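Heads up, the thing below is written out as structure tokens.
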Amino acid sequence: KAGVTQTPRYLIKTRGQQVTLSCSPISGHRSVSWYQQTPGQGLQFLFEYFSETQRNKGNFPGRFSGRQFSNSRSEMNVSTLELGDSALYLCASSPAGSGGTDTQYFGPGTRLTVL
Amino acid sequence: EDQVTQSPEALRLQEGESSSLNCSYTVSGLRGLFWYRQDPGKGPEFLFTLYSAGEEKEKERLKATLTKKESFLHITAPKPEDSATYLCAVGTGANSKLTFGKGITLSVRP
């Protein structure tokens, strides 16, 4: 079974621009979560989507948004990029989104650099 | 607020020298504790899920254990290919948010 895929793998943007990242979950998985990973803060939860609905959101500004499509694929968008948004953005999928008991499987990430 | 602390931050071992990585947590209602391995520039790779105190799981040279306050990842006779960052995360409540520790960077010298 194919794993979680993320595109693109690398992005370079300038401050003020916006960016869209894409994630395809493992086949049959209905829950998709997004995380930001930086050297200083580690992995931090952004949001989770299940059946095209955002179920949970972390402590990030409204510039960070996302959506999920009927085939469970998900996108996240960051508007008005800031230098501090440079990070590895990770997508994770889980089968049923059964809360804290569900194992999440991660993709390779998208490395975003903001200049 | 859920908190996860991993120690030590970095660990250097000689090949064959067994050791343990610690993950202590303070949460309200643990539903699952997860161990991941992450290589540089890659996404975390799932290793183990533990659900209740006393539970143990093994895979090759790795063994994960869980108590009510902490989890250990025991590495027996490590090899250089075990060098990576090991992440611990907790899941609580009904939502899918995982709270991660900062990770432990393990280096195994031949």
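Top to bottom, those sequences are chains A and B. Just so we're aligned, residue 1 is where the first sequence starts under my numbering, counting upward by one. Just so we're aligned, residue 1001 is where the second sequence starts under my numbering, counting upward by one. We put the beta carbon where it would ideally sit given N, CA and C, even for glycine. Given the structure is predicted, the values throughout are model-derived calculations rather than measurements.
- Under the 8 Å criterion on CB atoms, E48(A) is classed as interfacial with respect to chain B.
- Rounded to the nearest angstrom, the Cβ distance from L1047(B) to S1083(B) is 15 Å, too far for a contact under 8 Å.
- Around the beta carbon of Y1036(B), 16 or more other beta carbons sit within 10 angstroms, so the residue counts as buried.
- Annotation for Y49(A): the continuous beta strand (DSSP E) segment containing it runs G42 to F50.
- Beta-bridge pairing by DSSP links Y89(A) to Q36(A) and T110(A).
- Excluding its 5 nearest sequence neighbours in each direction, S65(A) has C-beta neighbours in its own chain below 6 Å: N77, listed in chain order.
- Residue pairing for Y105(A): DSSP places it in a beta bridge opposite S93(A).
- T1026(B) has its alpha-carbon roughly 15 Å from the corresponding atom of K1102(B).
- Excluding five sequence positions before and after K1(A), the CB atoms of its chain that fall closer than 7 Å to its own CB belong to I26 and S27, given in chain order.
- Nearest in C-alpha terms to Y49(A), of all of R63(A), D85(A) and H29(A), is H29(A).
- The three-state reading of DSSP puts E1081(B) in helix, counting H, G and I together.
- Here L83(A) carries a helix assignment [DSSP, helix/strand/coil].
- In this structure, I1075(B) is the residue among E1070(B), S1052(B), G1054(B) and I1075(B) with its C-alpha nearest to the C-alpha of K1063(B).
- If you look at R1012(B), you'll find it in the beta strand (DSSP E) that goes A1010 to Q1014.
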